[in-house]
Amino acid sequence: MKIKLVALLLMAVACTKTETINPPSLATNRVLEYKVTNVSGDPIYGVINDENKTITAYIPYYYYLTSLQAEIKVSDGASITPGSNTLITGLDSLFFAENLQYKVTAKDGSVASYNLVVETQQPALSVNEITEDSWMTSSVSDTYPYDRPVTYTITGKNFIVNSSLTVKPQVIFIAADGKEYKPVGTTDFSTTNGIDGSFSVYMPYAATIPEGTYKIKVVNYSRAVLLEKTIRILYPVN
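Take the sequence shown: its position 161, counted from the start at 1, is 161 in the UniProt record's numbering, and no numbers get skipped.
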(Lines of atoms letter the chains of each structure in order from A and count residues from 1; the text may use other names and numbers.)
(Lines give C-alpha, C1' and ligand atoms only; values in the text may rest on other atoms or scores of the structure.)
Protein backbone atom coordinates (compact mmCIF):
# COMPACT_ATOMS: atom_id res chain seq x y z
CA MET A 1 0.00 0.00 0.00
CA LYS A 2 2.81 2.41 0.88
CA ILE A 3 4.55 1.61 -2.41
CA LYS A 4 1.39 2.49 -4.37
CA LEU A 5 1.00 5.80 -2.46
CA VAL A 6 4.59 6.79 -3.18
CA ALA A 7 4.12 5.91 -6.84
CA LEU A 8 1.00 8.08 -7.06
CA LEU A 9 2.82 11.03 -5.46
CA LEU A 10 5.72 10.69 -7.91
CA MET A 11 3.28 10.62 -10.81
CA ALA A 12 1.54 13.75 -9.51
CA VAL A 13 4.84 15.61 -9.22
CA ALA A 14 5.90 14.47 -12.67
CA CYS A 15 2.63 15.69 -14.19
CA THR A 16 2.86 19.17 -12.59
CA LYS A 17 3.45 21.73 -15.35
CA THR A 18 6.06 24.43 -14.69
CA GLU A 19 5.27 27.82 -16.28
CA THR A 20 8.14 30.20 -16.98
CA ILE A 21 7.34 33.93 -16.89
CA ASN A 22 9.76 36.04 -18.84
CA PRO A 23 10.70 39.47 -17.40
CA PRO A 24 9.36 42.48 -19.30
CA SER A 25 11.67 43.61 -22.05
CA LEU A 26 13.61 46.82 -21.51
CA ALA A 27 12.65 49.91 -23.46
CA THR A 28 14.78 50.57 -26.52
CA ASN A 29 14.83 54.35 -26.10
CA ARG A 30 16.82 54.65 -22.88
CA VAL A 31 19.81 56.70 -21.77
CA LEU A 32 22.34 54.15 -20.51
CA GLU A 33 25.21 56.42 -19.50
CA TYR A 34 25.73 60.17 -19.12
CA LYS A 35 29.27 61.41 -18.56
CA VAL A 36 30.26 65.11 -18.22
CA THR A 37 33.69 65.47 -19.78
CA ASN A 38 34.52 69.20 -19.83
CA VAL A 39 35.77 69.20 -16.24
CA SER A 40 39.30 68.94 -14.92
CA GLY A 41 40.31 65.48 -13.73
CA ASP A 42 37.96 62.53 -13.92
CA PRO A 43 34.62 62.88 -15.74
CA ILE A 44 31.42 63.25 -13.74
CA TYR A 45 28.78 60.56 -14.23
CA GLY A 46 25.13 61.55 -14.16
CA VAL A 47 22.51 59.61 -12.20
CA ILE A 48 19.88 58.26 -14.60
CA ASN A 49 16.34 57.66 -13.35
CA ASP A 50 14.33 55.81 -15.98
CA GLU A 51 11.10 56.00 -14.00
CA ASN A 52 11.18 59.79 -13.57
CA LYS A 53 13.00 60.32 -16.85
CA THR A 54 15.70 62.49 -15.30
CA ILE A 55 19.47 62.75 -15.57
CA THR A 56 21.00 64.37 -12.49
CA ALA A 57 24.55 65.68 -12.79
CA TYR A 58 26.21 66.64 -9.50
CA ILE A 59 28.73 69.28 -10.58
CA PRO A 60 30.38 71.15 -7.68
CA TYR A 61 29.91 74.91 -7.91
CA TYR A 62 33.64 75.56 -7.64
CA TYR A 63 34.07 74.25 -11.19
CA TYR A 64 32.22 77.44 -12.29
CA LEU A 65 30.90 75.65 -15.36
CA THR A 66 29.02 77.91 -17.76
CA SER A 67 28.88 75.23 -20.46
CA LEU A 68 28.47 71.47 -20.38
CA GLN A 69 29.64 68.69 -22.66
CA ALA A 70 28.67 65.08 -22.09
CA GLU A 71 29.33 61.71 -23.66
CA ILE A 72 26.02 59.86 -23.80
CA LYS A 73 25.30 56.18 -24.43
CA VAL A 74 21.79 55.13 -25.46
CA SER A 75 20.00 51.90 -26.33
CA ASP A 76 21.33 49.95 -29.30
CA GLY A 77 20.15 51.52 -32.55
CA ALA A 78 18.66 54.59 -30.83
CA SER A 79 19.62 58.23 -31.40
CA ILE A 80 19.62 61.21 -29.02
CA THR A 81 19.10 64.96 -29.42
CA PRO A 82 21.11 67.00 -28.46
CA GLY A 83 23.70 64.46 -29.48
CA SER A 84 26.58 63.01 -27.54
CA ASN A 85 29.47 65.48 -27.09
CA THR A 86 27.27 68.46 -28.00
CA LEU A 87 28.44 71.57 -26.14
CA ILE A 88 25.57 73.08 -24.14
CA THR A 89 26.28 76.78 -23.57
CA GLY A 90 24.62 79.23 -21.20
CA LEU A 91 24.51 76.67 -18.41
CA ASP A 92 24.26 79.41 -15.77
CA SER A 93 21.00 80.66 -17.31
CA LEU A 94 19.56 77.12 -17.43
CA PHE A 95 19.54 77.03 -13.62
CA PHE A 96 16.55 79.39 -13.69
CA ALA A 97 14.84 78.20 -16.86
CA GLU A 98 13.03 75.05 -17.90
CA ASN A 99 15.19 71.95 -17.73
CA LEU A 100 17.12 70.98 -20.82
CA GLN A 101 15.53 67.93 -22.43
CA TYR A 102 17.25 65.07 -24.19
CA LYS A 103 15.05 63.14 -26.62
CA VAL A 104 15.93 59.49 -27.28
CA THR A 105 14.41 57.95 -30.41
CA ALA A 106 14.35 54.16 -30.76
CA LYS A 107 14.60 52.25 -34.05
CA ASP A 108 10.81 51.77 -33.97
CA GLY A 109 10.27 55.55 -33.72
CA SER A 110 9.21 55.64 -30.07
CA VAL A 111 10.56 58.65 -28.18
CA ALA A 112 11.52 59.12 -24.52
CA SER A 113 12.40 62.54 -23.07
CA TYR A 114 14.86 62.93 -20.21
CA ASN A 115 15.16 66.17 -18.20
CA LEU A 116 18.67 67.25 -17.25
CA VAL A 117 19.00 68.39 -13.63
CA VAL A 118 22.29 70.04 -12.62
CA GLU A 119 23.00 70.12 -8.89
CA THR A 120 25.87 72.44 -7.95
CA GLN A 121 25.62 72.10 -4.15
CA GLN A 122 26.29 75.84 -3.97
CA PRO A 123 25.53 77.29 -0.51
CA ALA A 124 22.36 79.38 -0.26
CA LEU A 125 22.86 83.10 -0.75
CA SER A 126 22.30 85.44 2.16
CA VAL A 127 21.54 88.99 0.99
CA ASN A 128 20.87 91.89 3.33
CA GLU A 129 17.80 94.00 2.65
CA ILE A 130 18.50 97.38 1.09
CA THR A 131 18.15 100.42 3.34
CA GLU A 132 17.28 103.09 0.76
CA ASP A 133 13.74 103.76 -0.41
CA SER A 134 14.77 104.89 -3.89
CA TRP A 135 17.66 104.59 -6.33
CA MET A 136 18.55 106.97 -9.15
CA THR A 137 19.30 105.84 -12.68
CA SER A 138 22.56 106.59 -14.43
CA SER A 139 22.46 109.28 -17.09
CA VAL A 140 24.37 111.05 -19.84
CA SER A 141 25.25 114.67 -19.17
CA ASP A 142 23.39 117.19 -21.31
CA THR A 143 26.25 119.66 -21.00
CA TYR A 144 29.23 117.41 -21.59
CA PRO A 145 29.31 114.18 -23.62
CA TYR A 146 30.13 111.81 -20.80
CA ASP A 147 28.22 109.33 -18.68
CA ARG A 148 27.28 109.92 -15.09
CA PRO A 149 27.14 106.38 -13.72
CA VAL A 150 25.30 105.86 -10.46
CA THR A 151 26.15 102.90 -8.24
CA TYR A 152 24.59 101.36 -5.16
CA THR A 153 25.93 98.71 -2.80
CA ILE A 154 24.42 95.35 -1.89
CA THR A 155 25.82 93.32 0.99
CA GLY A 156 25.56 89.67 1.93
CA LYS A 157 27.50 86.43 2.08
CA ASN A 158 28.09 83.07 0.40
CA PHE A 159 28.71 84.62 -3.02
CA ILE A 160 31.10 82.92 -5.41
CA VAL A 161 33.10 84.87 -7.96
CA ASN A 162 35.55 84.09 -10.69
CA SER A 163 36.55 87.12 -12.73
CA SER A 164 38.30 85.14 -15.45
CA LEU A 165 35.10 83.18 -16.13
CA THR A 166 32.74 86.16 -15.63
CA VAL A 167 31.08 84.48 -12.67
CA LYS A 168 29.95 87.40 -10.53
CA PRO A 169 26.79 88.65 -8.79
CA GLN A 170 23.95 89.86 -11.00
CA VAL A 171 20.93 92.03 -10.23
CA ILE A 172 17.55 92.01 -11.96
CA PHE A 173 14.88 94.70 -11.48
CA ILE A 174 11.37 93.25 -11.75
CA ALA A 175 8.53 95.65 -12.59
CA ALA A 176 4.93 95.29 -11.43
CA ASP A 177 4.00 93.73 -14.78
CA GLY A 178 6.74 91.12 -14.39
CA LYS A 179 9.05 92.63 -17.00
CA GLU A 180 12.71 92.36 -16.09
CA TYR A 181 15.41 95.00 -16.47
CA LYS A 182 19.15 94.62 -15.98
CA PRO A 183 21.67 97.15 -14.71
CA VAL A 184 24.67 98.23 -16.75
CA GLY A 185 26.70 95.75 -14.73
CA THR A 186 27.97 94.74 -11.31
CA THR A 187 31.36 94.47 -9.69
CA ASP A 188 32.91 91.34 -8.22
CA PHE A 189 31.95 90.40 -4.69
CA SER A 190 34.48 92.09 -2.38
CA THR A 191 35.27 90.26 0.85
CA THR A 192 37.97 90.20 3.51
CA ASN A 193 37.01 86.94 5.21
CA GLY A 194 35.65 84.92 2.29
CA ILE A 195 32.10 85.00 3.68
CA ASP A 196 30.82 88.53 4.30
CA GLY A 197 31.17 91.25 1.71
CA SER A 198 29.56 93.51 -0.85
CA PHE A 199 29.32 94.38 -4.54
CA SER A 200 28.24 97.47 -6.45
CA VAL A 201 25.38 97.80 -8.93
CA TYR A 202 25.84 100.10 -11.91
CA MET A 203 22.35 101.45 -12.46
CA PRO A 204 20.64 101.33 -15.86
CA TYR A 205 20.13 104.53 -17.84
CA ALA A 206 16.88 106.46 -17.73
CA ALA A 207 16.29 105.66 -21.40
CA THR A 208 16.35 101.91 -20.72
CA ILE A 209 14.12 101.59 -17.65
CA PRO A 210 10.87 103.37 -16.71
CA GLU A 211 10.48 105.16 -13.40
CA GLY A 212 8.53 103.06 -10.93
CA THR A 213 8.61 100.53 -8.12
CA TYR A 214 10.64 97.37 -8.59
CA LYS A 215 11.46 94.15 -6.84
CA ILE A 216 15.14 93.24 -6.75
CA LYS A 217 16.40 89.75 -7.52
CA VAL A 218 20.04 88.96 -6.77
CA VAL A 219 21.56 86.11 -8.78
CA ASN A 220 24.90 84.41 -8.31
CA TYR A 221 25.65 81.39 -10.50
CA SER A 222 23.04 78.75 -9.53
CA ARG A 223 21.42 80.60 -6.62
CA ALA A 224 18.99 83.52 -6.51
CA VAL A 225 17.33 85.61 -3.80
CA LEU A 226 14.29 87.89 -4.19
CA LEU A 227 14.50 90.73 -1.69
CA GLU A 228 11.37 91.51 0.31
CA LYS A 229 11.71 95.28 0.16
CA THR A 230 10.87 97.03 -3.10
CA ILE A 231 12.81 100.00 -4.44
CA ARG A 232 11.56 103.03 -6.33
CA ILE A 233 13.71 103.92 -9.32
CA LEU A 234 13.76 107.62 -10.15
CA TYR A 235 15.27 109.71 -12.91
CA PRO A 236 17.94 112.19 -11.81
CA VAL A 237 17.12 115.88 -11.80
CA ASN A 238 19.41 117.66 -14.27
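Glycine included, each C-beta is placed from N, C-alpha and C at the ideal position.
Problem - Sequence-distant residues of its chain with Cβ nearer than 6 Å to K157 (five each side left out) - result: S126, I195 and D196
Problem - Top-ranked residue by Cα proximity to K107, from I130, T187 and D76 - result: D76
Handout entry: Expected contact under 8 Å - CB spacing of I44 and E132 to nearest Å
Key = Going by Cβ atoms, the distance from I44 to E132 rounds to 43 Å, so no, they are not a contact pair.
Handout entry: Secondary structure of T208, DSSP reduced to three states
Key = helix
Problem - Nearest neighbour of Y64, chosen from L91, N29 and D42 [CA to CA] - result: When the alpha-carbon of Y64 is set against those of L91, N29 and D42, the nearest one is in L91.
Problem - At least three beta-carbon pairs within less than 8 Å, the region 78 to 86 to the region 39 to 57 - result: No, the region 78 to 86 is not in contact with the region 39 to 57.
Handout entry: Span of the alpha helix (DSSP H), counted from its first residue to its last, around S222
Key = Run containing S222: none; DSSP gives neither H nor E here.
Exercise for the section: Give a yes or no on whether the C-beta atoms belonging to E71 and T37 are separated by under 7 Å. Expected result: The beta carbons of E71 and T37 sit closer together than 7 Å.
Practice task
Quick one: residues in its chain with C-beta nearer than 6 Å to the C-beta of F189, no 5 flanking neighbours on either side, listed in chain order?
Solution key: F159, V161, P169, G197 and F199
Handout entry: For D133, three-class secondary structure by DSSP
Key = coil
Practice task
Tell me where the alpha helix (DSSP H) around D196 begins and ends.
Solution key: DSSP places D196 in no alpha helix (DSSP H) but in the uninterrupted beta strand (DSSP E) bounded by D196 to Y202.
Handout entry: Rounded C-alpha distance that separates N29 from D42
Key = If I take the Cα positions, the gap works out to 27 Å.
Exercise for the section: List in chain order: all unbroken beta strand (DSSP E) runs of 3+ residues lying wholly within the region 49 to 130. Expected result: 54 to 58, 67 to 74, 79 to 81, 87 to 89, 101 to 105 and 111 to 119
Practice task
Tell me where the beta strand (DSSP E) around R232 begins and ends.
Solution key: I231 to L234
Exercise for the section: Over the uninterrupted beta strand (DSSP E) stretch that includes L32, give me the two end residues. Expected result: V31 to V36
Practice task
Between the Cα of V219 and those of V237, V171 and W135, spot the shortest distance and give me the residue it belongs to.
Solution key: V171
Exercise for the section: Please go through the same chain and pick out, in chain order, the residues whose beta-carbon is closer than 7 Å to the beta-carbon of Y61, but skip the five residues on each side of it. Expected result: T120, Q121, Q122, I160, Y221 and S222
Handout entry: Terminal residues of the beta strand (DSSP E) in which I154 lies
Key = T151 to K157
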